[in-house]
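Undergrad: The numbering of the sequence shown is the UniProt record's numbering, which starts it at 1 and goes up by one. The beta-carbon is built from N, C-alpha and C at its ideal position, and this holds for glycine as well. Handing you a structure now.
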Amino acid sequence: MSSLELTPLHPLFAAEARGIDIRQPLSPSEVKQINAAMNRYAVLVWRGQPLTGQQQIDFAKSFGPLDLGLKKVFKRPERLEDERLIDISNVDAEGKVARRDSPKNLSNFANQLWHSDSSFQNPRAAYSMLHALVLPSWGGNTEFADLRAAYDALPERTRSEIEGLRAEHYALHTRILLGDEAYTDDQKKAIPPAVWPLAQTHPGSGRKLLFVGVHAREIIGWPVAEGRMFLSDLLEHATRREFVYTHEWQVGDLVMWDNRSTLHRGRRYDIGERRELRRTTIEDVPEATLMAA
Ligand code: OGA
Ligand code: MN
Numbered sequence: 001m002s003s004l005e006l007t008p009l010h011p012l013f014a015a016e017a018r019g020i021d022i023r024q025p026l027s028p029s030e031v032k033q034i035n036a037a038m039n040r041y042a043v044l045v046w047r048g049q050p051l052t053g054q055q056q057i058d059f060a061k062s063f064g065p066l067d068l069g070l071k072k073v074f075k076r077p078e079r080l081e082d083e084r085l086i087d088i089s090n091v092d093a094e095g096k097v098a099r100r101d102s103p104k105n106l107s108n109f110a111n112q113l114w115h116s117d118s119s120f121q122n123p124r125a126a127y128s129m130l131h132a133l134v135l136p137s138w139g140g141n142t143e144f145a146d147l148r149a150a151y152d153a154l155p156e157r158t159r160s161e162i163e164g165l166r167a168e169h170y171a172l173h174t175r176i177l178l179g180d181e182a183y184t185d186d187q188k189k190a191i192p193p194a195v196w197p198l199a200q201t202h203p204g205s206g207r208k209l210l211f212v213g214v215h216a217r218e219i220i221g222w223p224v225a226e227g228r229m230f231l232s233d234l235l236e237h238a239t240r241r242e243f244v245y246t247h248e249w250q251v252g253d254l255v256m257w258d259n260r261s262t263l264h265r266g267r268r269y270d271i272g273e274r275r276e277l278r279r280t281t282i283e284d285v286p287e288a289t290l291m292a293a
């Protein structure tokens, strides 16, 4: 039986993982070990993984059903044949570097805002796994913020203030922030917002966390402006540098994170250079086998 080896990458969370071959079907014990590590570290980095798309899908499926995010709505021409692989790249359907003003790059810029994948839908995302294939010559790191550490560091006054408050998360909020408002009523209707408590307890670790992110656009029952400013303060707190792990990509890295306990964002790079990653994400549903024991 293979056992997981972990090397912490940050004082609070994130670890490099080794010792389990993620290209082979996982045993129940391996799934449990990885879940236990996810509960503790929230971000796991596997270096040097030459995964095929199918191997990445099979790895993801060991943890729960796959989530397609906004693909369900946008139905754009896709480069990758398997719809369960999310193409996190600046490459268009013909295989060329996408135009600066393309919808593909709009999604990439939306990914540069602090977010939790699919927090705008219910069920939201549990784990995401991002695999690097082609990297630009500079920039393009991905940053992760620990929402449990952010909660622990809140002043007592704020903790009691957020208890019981809920925020509305809306998919198009980020896109509208980025100047893209050309959505039809049908598209808008196809994407109803989701509502999540600001203070949550992570099911796998029992830790309290501050669930914010750029999709959160309103606090339920509050005037919009007041809620939006409070959310913006909370997001600023949650993403203080001491809560952030910066991942510097190498080709072949697979980084997996828990969207229920972390936020992430991509960092700027020259969008004239190719950057190609592939994501798989699993839904946070009761059938997901995210328990450690
Ligand atoms: C994602 C994402 C950021 C990046 O794949 O979900 O937000 O650095 N990616 O590409
Ligand atoms: Mn993302």
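Measure the alpha-carbon distance for D87 versus L165 and round it to whole angstroms.
TA: Cα to Cα, D87 sits roughly 35 Å from L165.
Undergrad: Count the other CB atoms, across all protein chains shown, that sit within 10 Å of the CB of I271; report buried if there are 16 or more and exposed otherwise.
TA: Classification for I271: buried.
Undergrad: Along the chain, where does the alpha helix (DSSP H) containing V224 start, and where does it finish?
TA: That run of the alpha helix (DSSP H) goes 224–238.
Undergrad: List the whole-angstrom C-beta distance separating R117 from T246, where the pair is believed to meet the contact cut-off of C-beta under 8 Å.
TA: One point to set straight first is that residue 117 is Asp, not Arg, in the sequence displayed. Contact doesn't hold; Cβ gap of about 18 Å is too wide.
Undergrad: Closest to A199 by C-alpha separation, out of G179, P50, A167, would be which residue?
TA: If we check each option's Cα against that of A199, A167 comes out closest.
Undergrad: When you measure from the CB of H215 to every non-hydrogen atom of the ligand MN, does any distance come out below 7 Å?
TA: No.
Undergrad: Using the C-alpha atoms, what's the distance from A225 back to D58?
TA: So the alpha carbons of these two residues sit roughly 44 Å apart.
Undergrad: Just tell me which of A132, D258, H10, E5 has its CA closest to the CA of R241.
TA: The shortest C-alpha separation from R241 is found at H10.
Undergrad: Closer than 8 Å is the cut-off here; do at least three beta carbon pairs connect the stretch 250–263 with the stretch 145–154?
TA: Segments in contact, yes.
Undergrad: Can you name, in chain order, every residue of its own chain whose Cβ lies under 6 Å from the Cβ of P197, other than the five neighbours on each side?
TA: Answer for P197: R166, listed in chain order.
Undergrad: Identify the residues that DSSP records as bridge partners of F109: which are they?
TA: DSSP output for F109 lists no bridge partner at all.
Undergrad: Applying the criterion that 16 or more other CB atoms from any shown protein chain within 10 Å of the CB defines a buried residue, is A182 buried or exposed?
TA: Per the 10 Å Cβ criterion, exposed.
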